[in-house]
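Chains as they are written, first to last, in this note's numbering: chain H, 5 to 321; chain Y, 3 to 302. All C-beta atoms in this analysis are idealised placements derived from N, C-alpha and C, irrespective of residue type, glycine included.
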Ligand SMILES: [Zn+2]
Ligand SMILES: [Zn+2]
Ligand SMILES: [Zn+2]
Ligand SMILES: [Zn+2]
Ligand SMILES: [Zn+2]
Ligand SMILES: [Zn+2]
């Protein structure tokens, strides 16, 4: 399967949106990038929680060529993932465009080692189904899929962004102490505690010991407090407090006092007698009426009901 | 940022202004400060002049105003509706003022729930933001070359921690649609939520040191369209306050305890999570449990 303008550009776009989505859905998780080309696997980013750094590295590593070695890639990934404490969840996602693998040793050994290290391997293929890829995914509990076209590729890669369902149950619940550092002024000059370098602006101050750190999330080098940016955590809160599903309002009931416009976008709504197309939905909580477009936007992106938010908050949240 | 193909289109703006008309703020202010400081009348006059200047800067510019108080939020002005409801004899400014008057009267008449003894004095910023984003979404969906939307939020009352989750939801949605949220803290305190909103969406945060001169700040800083901002030295934030609010008491905190399953924030240690019901075992893990590490491999 060939993609336009070329495979690498399409793959890079898919990976870039995957990285953003991954951190949206797994705010405290880390991720690292490895490229496979010319028979070798190369680490281009270390495990970290900064999407922009990964995307920058990805964009500056767009060359391709030579054979692919699945074994070298898995060995390197295993080495990278070995740093994580045992309760962490290890996963490898491979986007593979070659039709074969060119390995220095026995790939079956590597497969067994991955299984032993509890690494879940998933592969999104770009060409045809390959037996060893299928076997690897089956044996490690991952998912193997082959993309048919560009949008299918994007969908397949995106499916790996939400945490696997088993994770939510197996994770040990714990209460973790964390700090929310303040970002210092863009012109402030300070010595950072992580690199021991003088930095101008863009630093964060640990709320407990006032040390400066360069990037979030991290652990304070001085007092060991886990430091996160609170918006980072807030990205997943909409899962906790979902907006109720809106109900369709039946127009043949001929209410005389239906609102004329959508509460959200102020667009005209279909009214009883008219033959105008479109639906009108209502929030079961605040009873405000919305158009179809707003219904979709509210549930898929905004995650707030404008009607409910326009009422005084008592026990909201 | 601006990816417009049409030359000239990039200067066209759609500005949705969120106006805090909280009576507790403005009422108390007029009693405390007498005639000094910013009064509600001056504030409204500045906003009216600002809306007019936006509309005059480019005849394709659009402006809408959402007023938010303590008990409701509503659109009080929309430049697109000009000539539809009102005829020639009413200017945009008089319409805006008329509707704000109506808004204040209806908000006054809204019944307070009986059991609520201590009245909530915070302004409904989350509602106003949500309304503005729904409205802008319609512009983005229109398909035709559309003006560059942005939100300007004029908040007077201090942050309402109970709205934290809703405000952040709206901010992330704005970020995804690349809508900058400009924020201006008109009151006496800096606002952590407004700072975060501007920082995340690429907008400008400002707290005027002399609120009486609000019109000056509005025209010099917030009237500039997104294209021109690249060439200007606009105020840079003196830091961003990333504090969050705890789920248990809605207090703003800079250090707290996080549930590793659902990421709820608590200000004190507790035995179970009130949001997801997770039980916190006695053993103290060294780091967070819900960690998912992944190595993505791209192949060439
Ligand atoms: Zn550093
Ligand atoms: Zn520290
Ligand atoms: Zn609508
Ligand atoms: Zn509602
Ligand atoms: Zn609390
Ligand atoms: Zn929880």
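Among the residues of the stretch 123-150 of chain Y, those with a Cβ less than 7 Å away from any Cβ of chain H are 126, 128, 129, 132, 133, 135, 136, 137, 139, 140 and 143, in the order of the chain. Counting along the chain, residue 151 of chain Y sits inside the beta strand (DSSP E) bounded by residues 150-157. Within chain H, 181, 182, 183, 184, 211, 212 and 229 have C-beta atoms less than 9 Å from the C-beta of residue 257 of chain Y, given in sequence order. Chain-order list of chain H residues neighbouring residue 43 of chain Y: empty, with the shortest C-beta distance near 25 Å, by a criterion of under 8 Å. Contact check for residue 264 of chain Y and residue 278 of chain Y: beta-carbon distance about 4 Å, within the 8 Å limit, so the pair qualifies. For a Cβ distance threshold of 8 Å, residue set 189, 190 and 191 of chain H lies close to residue 238 of chain Y, ordered along the chain.
DSSP places residue 94 of chain H inside the beta strand (DSSP E), whose first and last residues are 93-100.
Our two residues, residue 222 of chain Y and residue 55 of chain Y, have alpha carbons roughly 11 Å apart in a direct line. Annotation: Cβ neighbours of residue 239 of chain H in chain Y (cutoff 7 Å, chain order): 174. In the DSSP assignment, residue 129 of chain H falls within the unbroken beta strand (DSSP E) covering 123-129. Counting other Cβ atoms within 10 Å of its Cβ, residue 188 of chain Y reaches 16 or more and is therefore classed as buried. Any heavy atom of ligand 4 counts here; residues with a Cβ closer than 5 Å to one of them, in chain order, are H:287, H:289, H:290, H:309, H:311 and H:312. Excluding the 5 residues flanking it on each side, residue 52 of chain Y has same chain C-beta neighbours closer than 8 Å at 19, 217, 220, 221, 224 and 225, in chain order. As a beta-bridge residue in DSSP terms, residue 231 of chain H pairs with H:183 and H:222. Relative to the Cα of residue 294 of chain H, the nearest Cα in the group H:305, H:309 and H:304 belongs to H:309.
For residue 18 of chain H, the uninterrupted alpha helix (DSSP H) run begins and ends at 11-29, by DSSP. At least one beta carbon of chain H lies nearer than 8 Å to the beta carbon of residue 72 of chain Y. Within the stretch 259-283 of chain Y, the residues whose Cβ lies closer than 8 Å to any Cβ of chain H are, in chain order, 259, 260, 261, 262, 263, 264, 265, 266, 267, 268, 271, 272, 275, 277, 278, 280, 281, 282 and 283.
Within chain Y, the residues placing a beta-carbon under 7 Å from that of residue 242 of chain H are 171, ordered along the chain. Taking the Cα positions, residue 305 of chain H is about 47 Å away from residue 110 of chain H. Per DSSP, residue 80 of chain Y is not a residue of any alpha helix (DSSP H); the beta strand (DSSP E) it occupies stretches across 75-80. As a beta-bridge residue in DSSP terms, residue 258 of chain Y pairs with H:182. Residue 256 of chain Y has its alpha-carbon roughly 24 Å from the corresponding atom of residue 281 of chain Y. Among the residues of chain Y, none has a CB under 8 Å from the CB of residue 152 of chain H; the nearest is roughly 18 Å distant.
For residue 196 of chain H, there are no C-beta contacts with chain Y under 8 Å, since the nearest C-beta of that chain is about 15 Å from it. One Cα belongs to residue 70 of chain H, the other to residue 207 of chain H, and the distance between them is close to 41 Å.
Closer than 8 Å at the C-beta level to chain H, one finds these residues of the stretch 183-198 of chain Y: 198. In terms of CA proximity to residue 129 of chain H, H:15 leads the group H:238, H:15, H:68 and H:191.
Taking 8 Å as the cut-off, the Cβ atoms of residue 71 of chain Y and residue 123 of chain Y do not count as close. The criterion of a C-beta distance shorter than 8 Å is not satisfied by residue 259 of chain Y and residue 231 of chain H.
Look at which beta carbons fall closer than 7 Å to any heavy atom of ligand 3; those residues are H:266, H:268, H:269, H:271, H:294, H:295, H:297, H:298, Y:136 and Y:140. Taken atom to atom, the span from the alpha-carbon of residue 296 of chain H to that of residue 50 of chain H is near 44 Å. For the options Y:165, Y:198, Y:15 and Y:243, the alpha carbon positioned closest to that of residue 60 of chain Y is the one of Y:15. Neighbours of residue 202 of chain Y across chain H, judged by C-beta separation under 7 Å: 235. Secondary structure of residue 272 of chain H (DSSP, three-state): strand. The beta carbon of residue 313 of chain H sits closer than 8 Å to some beta carbon of chain Y.
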